[in-house]
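Engineer: Residue numbers (the numbering used here): 5 to 411.
My structure is below; once you've seen it, I'll send some questions.
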């Protein structure tokens, strides 16, 4: 496999890559669409081929080779708002030919390294295969009437992951999949040696050098994203093997389906209530981000063991994760302009303020029999506050969480 990938590229591969490109595809910074190169290939083909082969075989990157323009195109007939547009990236055609030549080699081996869970961008597979599986599984869930444990489906949109893909993570996944270092360096060169300019009124403005993410206008990007998604698929399969995630079988004794991938969309099937699933995800997320997960694991185990309703337990998790719709969080997402509390107009409406420092919340706490220690006033967030409360006995803990989440 690696022998085929790392072999020297030849001129015929460049010509075949150009022939497969749509003639009137949007032109890049040089202003020339693929049709120009296809029509005048007898004239410019030798120079273009030498430039591409120098890049692919010798790693010689010409000036402005991967300059990319970002433009907005309308999504509707008569756009009036900024949301009526979507951004696209326009790459140089010469660079696209080089990327296409790399893709033509990579596509040959994808069926052997990408699991059957992924049905898009893999030769010999149809995206409709996973559509049928998803439809039948959803039908089974909707028709289920009995059973002690409910079944559910999560739809994860990984489209934004294109912009947040860490280059080091991508290189590590390719290494674990067995790609040769020479091939990995070429792939990383294609996505890392790039500069962006925003095109405003027909003129490029600015000079942006990214440190992560992959350009969606690059022919190579969807296939590199498949490799990263395969890493996620492997983690899900390992969770299933350890019993941390249970799939869904549409018939008795049938195979269990845990997840399906559709390019940058994914479906996860599991047997759990929403509260239990949320707590599992929260516990894993916190343990994964800590150098020593023992304290965090203990924290979430104690939260799970509280004698409180599921909705209160779920609220506690959301408060500890700082994902409640406070004005501070809404202001960060530009939903509201003002982050100050509507009641007191003195402090920012954070979770700490709403549930602890707000005068009305303090009144509720003072009316209770909960002993408020002085060290509680030094808490910087709700997570720390709950952790200090956890140091008390179990009865006091149940009462404290009920009071804090009711306040």
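We treat Cβ as the ideally placed atom computed from N, Cα and C, and that holds for glycine.
Taking residue 193 as the reference, give the member of 219, 131, 206, 212 with the closest Cα.
Structural biologist: Comparing Cα-Cα distances from residue 193 to each of 219, 131, 206, 212, the minimum goes to 219.
Engineer: By Cβ distance below 7 Å, which residues in the same chain neighbour residue 55 in space, the five residues on each side in sequence not counted?
Structural biologist: Taken in chain order, the residues that qualify are 66, 98.
Engineer: Give, in chain order, every unbroken run of the alpha helix (DSSP H) that is at least 4 residues long and sits entirely within the segment 95 to 119.
Structural biologist: Here the runs fully enclosed are 97 to 117.
Engineer: Does the beta-carbon of residue 356 have 16 or more other beta-carbons within 10 angstroms, so that it is buried, or is it exposed?
Structural biologist: Buried: at least 16 other Cβ atoms inside 10 Å.
Engineer: Please state whether DSSP places residue 265 in a helix, a strand or coil.
Structural biologist: It is a strand residue.
Engineer: Is residue 23 helix, strand or coil by DSSP?
Structural biologist: The answer is helix: DSSP assigns residue 23 an H, G or I state.
Engineer: Taking 8 Å as the limit between beta carbons, can you name the residues of its chain near residue 27, skipping five residues before and five after?
Structural biologist: Taken in chain order, the residues that qualify are 37, 38, 39, 42.
Engineer: For residue 267, which residues in the same chain have their Cβ closer than 6 Å to its Cβ, ignoring the five residues on either side in sequence?
Structural biologist: Excluding sequence neighbours, residue 267 sits near 124.
Engineer: Do residue 217 and residue 161 count as a contact pair if the criterion is CB distance below 7 Å?
Structural biologist: Taking 7 Å as the Cβ cut-off, residue 161 and residue 217 do not qualify as a contacting pair.
Engineer: How big is the Cα-Cα spacing for residue 207 and residue 169?
Structural biologist: For residue 207 and residue 169, the distance between alpha carbons rounds to 28 Å.
Engineer: If distances are taken between C-alpha atoms only, which option among 214, 209, 259, 205 comes closest to residue 199?
Structural biologist: Comparing Cα positions, the closest option is 214.
Engineer: Judging by CA-CA distance, which residue of 15, 74, 131 is the nearest neighbour of residue 31?
Structural biologist: Closest by alpha carbon: 74.
Engineer: So residue 323 and residue 386 are supposed to be a Cβ contact under 8 Å. How far apart are they, rounded?
Structural biologist: Confirmed, about 5 Å.
Engineer: CB residue 91 to CB residue 114, shorter than 7 Å?
Structural biologist: The answer is no: Cβ separation not under 7 Å.
Engineer: Can you list, in chain order, the residues of its chain with a C-beta nearer than 7 Å to that of residue 295? Leave out the 5 residues immediately preceding and following it.
Structural biologist: Note that residue 295 scores a pLDDT of 39, beneath 50, so its modelled location is shaky and nothing firm can be said.
Engineer: Going along the chain, which residues of its own chain have a beta-carbon closer than 8 Å to the beta-carbon of residue 261, five neighbours each way excluded?
Structural biologist: Hits under 8 Å: 137, 141, 251, 252, 253, 254, 273.
Engineer: Assuming residue 174 contacts residue 232 (C-beta within less than 8 Å), just tell me the rounded distance between them.
Structural biologist: Residue 174 to residue 232, Cβ: 6 Å. Contact.
Engineer: Closest by CA to residue 126, which one among 110, 12, 139?
Structural biologist: Measuring from the Cα of residue 126, the nearest candidate turns out to be 110.
Engineer: Can you give me the Cβ contacts of residue 398 inside the same chain, cut-off strictly under 6 Å, excluding the 5 residues immediately before and after it?
Structural biologist: Note that residue 398 scores 47 on pLDDT, short of 50, meaning its location in the model is unreliable and no value can be drawn from it.
Engineer: Taking just the CA atoms, how far does residue 151 sit from residue 139?
Structural biologist: Near 21 Å, if we compare the C-alpha coordinates of residue 151 and residue 139.
Engineer: I'd like the span of the beta strand (DSSP E) that includes residue 212, first residue to last.
Structural biologist: Taken as a continuous stretch (DSSP letters only), the beta strand (DSSP E) holding residue 212 covers 207 to 212.
Engineer: I'd like the span of the alpha helix (DSSP H) that includes residue 344, first residue to last.
Structural biologist: Here residue 344 belongs to no alpha helix (DSSP H), and DSSP marks it neither H nor E.
Engineer: Residue 22 and residue 101 look like a contact to me (Cβ under 8 Å); what is the Cβ gap, rounded to whole Å?
Structural biologist: The pair is a contact, with the Cβ atoms about 5 Å apart (cut-off 8 Å).
Engineer: Please look up how many angstroms separate the CB atoms of residue 209 and residue 201, rounded, as I've assumed it's under 8 Å.
Structural biologist: Right, their Cβ atoms sit about 6 Å apart.
Engineer: Along the alpha helix (DSSP H) that carries residue 38, what are the first and last residues, could you check?
Structural biologist: Where residue 38 is concerned, the enclosing alpha helix (DSSP H) stretches over 38 to 43.
Engineer: Considering only the alpha carbon of each residue, which of 155, 159, 225, 25 lies closest to residue 171?
Structural biologist: Of the candidates 155, 159, 225, 25, the one whose C-alpha sits nearest the C-alpha of residue 171 is 225.
Engineer: Looking only at its own chain, which residues have a Cβ that is under 6 Å from the Cβ of residue 144, when we skip the five neighbours before and after it?
Structural biologist: 254, listed in sequence order.
Engineer: Relative to the alpha-carbon of residue 104, which residue among 86, 87, 81, 60 has its alpha-carbon at the smallest distance?
Structural biologist: Checking every option, the nearest Cα to that of residue 104 belongs to 60.
Engineer: Out of 204, 146, 270, 223, which one is the CA nearest neighbour of residue 159?
Structural biologist: Nearest C-alpha to residue 159: 270.
Engineer: Please return the same chain residues whose Cβ sits closer than 7 Å to the Cβ of residue 78, not counting the five positions on each side in sequence.
Structural biologist: Within the same chain, residue 78 has close Cβ partners 88, 89.
Engineer: Would you identify the three-state DSSP class for residue 387, choosing helix, strand or coil?
Structural biologist: Three-state DSSP puts residue 387 in a helix.
Engineer: From the DSSP secondary-structure annotation, give me the bridge partner or partners of residue 200.
Structural biologist: Its beta-bridge partners are 72, 212.
Engineer: Rounded to the nearest angstrom, what separates residue 81 and residue 44 at their Cα positions?
Structural biologist: Near 35 Å, if we compare the C-alpha coordinates of residue 44 and residue 81.
Engineer: For residue 29, report the span of its alpha helix (DSSP H) as first-last.
Structural biologist: Careful: residue 29 lies outside any alpha helix (DSSP H) and carries neither H nor E.
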